[in-house]
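These notes concern the structure reproduced below.
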DNA sequence: TAGATTGTTAATCGATTAACAATC
DNA sequence: TAGATTGTTAATCGATTAACAATC
């Protein structure tokens, strides 16, 4: 139960947004009630794991029936702290940063992008979507004005640590780093790192290879 | 030892590209030898974990000395199957797809993007970087021509499953899905899914909150 | 009631980490 | 040799899953 102050295990926390996405799709399709086995199928996970994950939030299902879609949606949103909108800033407006800034998926899910920052003279002042890129020197005032707590870092690797330090100094407490380098943050700051090329390198290991001396790791479907 | 055909644990596989990135940075800085504790520090992981991960590849360190940077780089590349370039296709050239297509980081790390596909009349024919967007109807021939085995899916959610099925039918065996929906693949196909907004929702849980009835989960640094 | 499905238990599995013998 | 660091052991920790009593 959330009221107990018990932590939800990290592996469960990482799956809750996935369930949320599936629930929202069910809701959009007019489905009112869903069983753990059906929701697990949609999310691509084991049904027992899903029930275990949900049990950390409390008992919101009905035995013999399932979960009420709208109710469970709200409980997961509450647990994740998605009750209110969280303004987000983006630092580094190269190709990826521009795409992230124009990407509607953040605002749709409670994370409106409110400000963009760069230092390049040819990028500062550029209009991207509804926003104009500000100079990184103006960070502190703008972050304070919007009460932004979350930053997306999409700078080159060699700038990422300094930018991270600076946004934290300006009041940011959640950092999503897309720069291909490890950044360090102190306690009290939440951090996730996404490296797009790294994902392809992980996939490479599982790619069936016949040319190598190693046995094929996955068989093609029968 | 890789020659034994023993599988490297999934958690270790997911970290090997991270070590690789750190090693390449060390190499660029002219560092010839590195200890597990230094490399672990750069990668942001525990040193014992790093040594355990590397032990699955074989014994490539020297006690009392450390690891030779170039040698270890090659061993990790070999283990991941990064010996040769892997041509990649991108399907769905919206904001994100365009950014991924222009993103130099893939080609730099052995994954040159060789073809782009969409179905929208205003996108097919568009030049993005060095490439022109092809129609998805021409998928099979182009995949065969480039011998592409890896696909990046950046379509809307409602198209992702059909696109995934089609690229697999065309010969793709590794799929990196950015569409915000779960896609299912059969055996013999490797799959990873990245949902950008989902990362922000996970961060939200760990964001210190004083307004909630729940205790703050992380303290601000002392 | 009978059928269905949750919430939880307990067993298993896999990942992490400190410690240290091996050894350069 | 003495100091340093790997590779591995073993203990611990956390995650997964099948099974089923509880119960709608």
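Chains as they are written, first to last, in the numbering used here: chain X, 882 to 1103; chain U, 882 to 1103. The beta-carbon is built from N, C-alpha and C at its ideal position, and this holds for glycine as well.
Practice task
Return the chain-ordered list of same chain residues with a C-beta closer than 7 Å to the C-beta of residue 928 (chain U), the five sequence neighbours on each side being excluded.
Solution key: 917, 918, 921
Problem - Beta carbon proximity, residue 998 (chain U) to chain X, threshold 9 Å - result: no
Practice task
Mind checking who residue 1074 (chain U) pairs with in its DSSP beta bridge?
Solution key: U:1058
Practice task
Enumerate in chain order the residues of its own chain whose CB-to-CB distance from residue 889 (chain U) is below 6 Å, with the five nearest sequence positions on each side excluded.
Solution key: 937
Exercise for the section: Compute the Euclidean distance between the alpha carbons of residue 1068 (chain X) and residue 965 (chain X), then round it to the nearest angstrom. Expected result: 24 Å
Problem - Partners in chain X for residue 1083 (chain U), counting only beta-carbon separations shorter than 7 Å - result: 894, 895, 898, 1073
Problem - CB of residue 982 (chain X) within 9 Å of CB of residue 1009 (chain X), strictly - result: yes
Practice task
Mind listing the chain U neighbours of residue 1061 (chain X)? Cutoff is C-beta to C-beta under 8 Å, in chain order.
Solution key: 902, 986
Exercise for the section: Starting from residue 1004 (chain U), follow the beta strand (DSSP E) in both directions and report where the run begins and ends. Expected result: Element bounds for residue 1004 (chain U): n/a, residue is neither H nor E.
Exercise for the section: Verify the CB distance criterion: does residue 983 (chain U) have a CB-CB separation below 9 Å to chain X? Expected result: yes
Exercise for the section: Would you check if the stretch 939-955 of chain X and the stretch 1045-1065 of chain X touch, i.e. whether three or more CB-CB distances between them fall below 8 Å? Expected result: no
Practice task
Consult DSSP for residue 981 (chain X) and reduce its assignment to one of helix, strand or coil.
Solution key: helix
Exercise for the section: Please go through the stretch 940-972 of chain U and give each complete alpha helix (DSSP H) segment of 4 or more residues, from N-terminal end onward. Expected result: 950-961
Practice task
Round the Cβ separation of residue 943 (chain X) and residue 992 (chain X) to the nearest angstrom and send it over; I've been treating them as touching at under 8 Å.
Solution key: Actually they do not touch by this definition, with Cβ atoms about 32 Å apart.
Problem - Bounding residues of the beta strand (DSSP E) (the contiguous stretch that carries residue 1049 (chain U)) - result: From DSSP, residue 1049 (chain U) is part of no beta strand (DSSP E) but of the alpha helix (DSSP H) over 1038-1050.
Practice task
In angstroms with no decimal places, state the Cα-to-Cα distance between residue 1038 (chain U) and residue 1071 (chain U).
Solution key: 19 Å
Practice task
Would you verify that the beta carbon of residue 1089 (chain X) is, or is not, closer than 9 Å to some beta carbon of chain U?
Solution key: yes
Exercise for the section: Starting from the C-beta of residue 1027 (chain U), find all residues in its chain whose C-beta is less than 7 Å away, skip the five residues before and the five after it, and write them out in chain order. Expected result: 968, 995, 996
Exercise for the section: State the beta-bridge partners of residue 1033 (chain X) as determined by DSSP. Expected result: X:971, X:1057
Handout entry: Continuous alpha helix (DSSP H) stretch holding residue 931 (chain U): start and end
Key = 928-936
Problem - CA nearest to the CA of residue 1079 (chain X), picked from U:897, U:892, U:940 - result: U:897
Practice task
Using 10 angstroms around the beta-carbon of residue 913 (chain U), count the other beta-carbons present and answer buried if the total reaches 16, otherwise exposed.
Solution key: exposed
Handout entry: Backbone CA spacing between residue 1087 (chain U) and residue 1015 (chain X) [nearest angstrom]
Key = 28 Å
Handout entry: Under the three-state DSSP convention, the category residue 992 (chain X) falls into
Key = coil
Exercise for the section: For chain U, find out if any of its Cβ atoms is closer than 9 Å to the Cβ of residue 967 (chain X); answer yes or no. Expected result: yes
Exercise for the section: Could you please give the first and the last residue of the uninterrupted beta strand (DSSP E) stretch that includes residue 1013 (chain U)? Expected result: 1012-1016
Problem - chain X contacts from the stretch 1029-1055 of chain U (Cβ-Cβ distance under 7 Å) - result: 1030, 1031, 1054, 1055
Handout entry: First through last residue of the alpha helix (DSSP H) which encompasses residue 1024 (chain X)
Key = 1020-1027
Handout entry: Closer than 9 Å at the beta carbon, the chain U residues around residue 1008 (chain X)
Key = Here the premise fails: no neighbours, minimum Cβ distance about 15 Å.
Problem - Distance between residue 1033 (chain U) and residue 1075 (chain U) (C-alpha atoms, nearest Å) - result: 11 Å
Handout entry: Any C-beta of chain X under 9 Å from that of residue 1027 (chain U)
Key = no
Exercise for the section: Going by DSSP, name the residue or residues bridged to residue 997 (chain U). Expected result: U:971, U:1014
Practice task
Name, please, each residue of chain X whose Cβ falls closer than 8 Å to the Cβ of residue 925 (chain U).
Solution key: 1063, 1065
Exercise for the section: Compute the Euclidean distance between the alpha carbons of residue 987 (chain X) and residue 900 (chain U), then round it to the nearest angstrom. Expected result: 30 Å
Problem - 7 Å Cβ cut-off: residues of chain X touching residue 1057 (chain U) - result: 1080, 1081, 1084
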